[in-house]
Every structure is written in structure tokens, then in C-alpha cells.
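Peer 1: Just so you know, we're using this note's numbering here: the sequence shown kicks off at 7 and counts up by one. Note that beta-carbon positions come from the ideal geometry of N, C-alpha and C, so glycine has one too.
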Amino acid sequence: MAFVTRQFVRSVSSSSTASASAKKIIVKHVTVIGGGLMGAGIAQVAAATGHTVVLVDQTEDILAKSKKGIEESLRRVAKKKFAENPKAGDEFVEKTLSSISTSTDAASVVHSTDLVVEAIVENLKAKNELFKRLDKFASEHTIFASNTSSLQITNIANATTRQDRFAGLHFFNPVPLMKLVEVIKTPMTSQKTYESLIDFTKVLGKHPVSCKVCCWGRGHHSPLALGVHGCAAVELYRSRLGPGSGLEDHSGPTLNIAE
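Okay, here's the thing in C-alpha cells:
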């Protein structure tokens with residue numbers, strides 16, 4: 007089995023300047039494919055930060071459960087964030103929920119979206135079939151991103167004609183709490199696409215970490231492959247220890263868990 011690793015490079019405070027002819031996409035409309043735990047979490051944080059979101063899954067029942075889960079999560083956030091002003095908390099929940107619509111037909115809703123984030127089953131064939139279909143209906147400017155945690159982004163992007171507008175956008179679970187987001191750039195991903203996704207994750211209130219896809223042949227395994235799991239483990243450990251434990255002196259801001 008070939009191993010795929012990602013070389014981690016901590017994002018600098020400002021991205022390299024794009025040329026005037028390659029203006030970055032300002033993401034305002036997001037389509038999230040997959041209403042499971044990850045997809046619902048991504049939809050929630052996007053809507054809570056002012057984006058218009060369409061959440062897509064196969065059935066209305068799945069989507070109803072997703073919306074219910076999002077509402078419950080938002081109320082927990084509001085209870086803490088607006089402890090002294092419950093009315094403002096209710097308004098925050100309602101406003102965020104109103105920014106999320108649902109659909110069972112992905113092809114019909116991607117024509118005007120800026121970003122498609124896929125969060126379906128970890129199966130290459132399923133992802134390829136999805137993106138191949140969406141590629142025919144999405145606008146030319148639309149960026150495609152996969153939330154995969156185990157598949158090679160290049161192999162998913164190969165199903166489309168927009169490999170320059172395709173990247174990995176890997177969130178950690180639970181999405182509303184975890185600060186870290188991997189922005190995974192393939193050899194074909196344009197700088198414009200990469201910088202647009204970096205900016206998007208920052209608007210979400212996350213800490214983007216730049217990753218480059220590296221292929222290590224059969225039988226080779228780099229310790230870097232453990233990086234993503236190590237980051238999650240440190241975040242969990244830190245959350246158990248709590249503020250003032252001293253761990254933050256060693257981990258840096260990119261591993262913070264949201265307050």
C-alpha cells in the first residue's frame with residue numbers, strides 16, 4: 007500500500023501577493039456536500055461567519071437531522087457566548103440557521119456557489135463520481151475542495167477539468183471547536199485557489215496550515231504522515247489540561263481549541 011503524506015508548513019501571517027491578473031476569490035456562498043458530523047459542522051461555522059450555505063445530502067430525513075444537530079450545537083455556543091444576553095444568543099442562532107438552506111440535488115445548487123466542500127464517505131470512487139458530475143454544472147470560478155482525511159487529493163481532483171481550482175480543506179472534529187484546518191495544495195492547485203482558501207479559513211476563525219501533497223512509494227513511510235493525528239492528539243490533551251498548563255508554550259497558536 008502506497009503511503010500518502012503531507013508536509014506541514016505553518017502558515018505565515020500573510021500569504022504571498024497574488025498578481026493583479028489572478029485576483030483571489032472572496033468566498034461568500036458555500037455548498038457543503040454531506041450532512042454528517044463533519045459536513046454539518048462545516049456548514050455551521052460557515053453560516054455563523056456570514057456565509058450563505060447550502061447543505062446537500064441524499065434524503066430530506068438526513069438533512070432534517072443535520073439541521074437539528076446544527077441548531078443544538080449553535081444553542082450551546084450561544085449559551086456560552088451570550089451568557090449575559092440570552093436574547094442576543096437567540097438572535098444569533100436564528101440568523102445562523104436562516105443562512106443555511108438544504109437540498110438533495112447537488113447539481114442544481116452549485117451553479118452560483120463560490121466554494122464546494124465535499125464531506126462524504128471516504129471512498130475514492132464515490133468522490134470521483136460526485137466531482138465529475140458537479141464539474142459539469144458548477145461555475146467556471148467555483149473552487150472544489152475535499153475534506154478527506156485519508157485519500158490523496160490529486161486522485162480526487164483528476165475526476166474534474168478544474169485541477170487548478172481543486173484543493174484539500176481538512177477540518178478537525180468537532181469542527182465548531184477545533185481551530186486547525188489543513189489547506190492541501192496539489193502540484194496543479196493554483197496560487198489563486200490556495201490563497202482564496204487560506205483567506206476563507208481565516209474568516210471562519212480557524213488557523214490554516216499549509217500542506218503539500220507528497221507521494222512516498224510503496225514500502226516508504228515518512229513520520230510526517232503522523233502529523234495530522236499528532237495535531238489532533240495535542241489539541242485533545244491540551245483541552246483536558248486547560249489554560250495555564252504550559253502546553254501552549256510549546257504548541258503555538260495553530261493548535262488552539264476555540265474558546
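(1) On the three-state DSSP scale, how would you describe THR195?
(2) Pull up the distance between the alpha-carbon of SER196 and that of ALA125, whole angstroms please.
(3) Buried or exposed: which applies to LYS73, given that a residue is buried once 16 or more other Cβ atoms fall within 10 Å of its Cβ?
(4) State the DSSP-derived secondary structure class of ALA151, mapped to helix, strand or coil.
(5) Hey, HIS334 and THR55: beta-carbon distance below 8 angstroms or not?
(6) Looking only at its chain, what residues have a beta carbon closer than 8 angstroms to the beta carbon of LYS142, apart from the 5 residues adjacent to it on each side?
(7) Just how far apart, CA to CA, sit ALA231 and ARG81?
(8) Measure the Cβ-Cβ separation of VAL271 and VAL116 and say whether it is below 8 angstroms.
(9) So, THR331 versus GLN50, is the Cβ gap smaller than 8 angstroms?
(10) For THR110, which three-state DSSP category applies?
(11) Among ASP170, ASP67, THR102, which has the Cα closest to the Cα of VAL83?
(12) Just how far apart, CA to CA, sit THR119 and VAL38?
(13) With DSSP as the reference, label PHE206 as helix, strand or coil.
(14) Judging by CA-CA distance, which residue of PHE178, ARG139, SER202, LYS93 is the nearest neighbour of ASP170?
(15) Quick one: grab the DSSP three-state call for THR58.
(16) Using the Cα positions of ILE149 and MET184, report the straight-line distance between them to the nearest angstrom.
(17) Note the first and the last residue of the continuous alpha helix (DSSP H) segment covering GLY75.
(18) Rounded to a whole number of angstroms, what is the C-alpha to C-alpha distance between HIS199 and LYS30?
(19) Mind the definition here: the region 127-146 touches the region 89-104 only if three or more C-beta pairs lie below 8 angstroms; say whether that holds.
(20) Where does PRO92 fall in DSSP's three states?
(21) So if DSSP puts LEU175 in a beta bridge, which residue, or which two residues, is it bridged to?
(22) Which of the three DSSP states is assigned to VAL127 in this structure?
Peer 2: On the basis of the supplied data:
(1) Three-state DSSP puts THR195 in coil, outside helix and strand.
(2) When only Cα atoms are considered, SER196 and ALA125 end up about 22 angstroms apart.
(3) It is buried - the Cβ of LYS73 has at least 16 other Cβ atoms within 10 Å.
(4) Residue state, collapsed to three classes: strand.
(5) Absent from the model: residue 334. The displayed extent of the chain is 7 to 265, so no value can be given.
(6) Contacts found: ALA113.
(7) With a pLDDT of only 43 at ALA231, under the threshold of 50, the placement of this residue in the model should not be trusted, and no figure is reported.
(8) Not covered by the structure: residue 271. The range shown for the chain is 7 to 265.
(9) Since the first residue of the chain shown is 7 and the last is 265, residue 331 is not available in this structure.
(10) Collapsing the DSSP output to three states places THR110 in coil.
(11) Out of ASP170, ASP67, THR102, THR102 has the C-alpha closest to the C-alpha of VAL83.
(12) Taking the straight line from one Cα to the other gives about 10 angstroms.
(13) In the structure shown, the three-state DSSP call for PHE206 is helix.
(14) Comparing Cα positions, the closest option is SER202.
(15) Here THR58 sits in strand by DSSP.
(16) Cα to Cα, ILE149 sits roughly 23 angstroms from MET184.
(17) Start and end: 66-87.
(18) Per the sequence presented here, residue 199 reads as Thr, with His not at that position. Taking the straight line from one Cα to the other gives about 7 angstroms.
(19) Touching, no.
(20) Residue state, collapsed to three classes: helix.
(21) Per DSSP, the beta-bridge partners of LEU175 are VAL189.
(22) DSSP places VAL127 in the coil class of the three-state scheme, outside both helix and strand.
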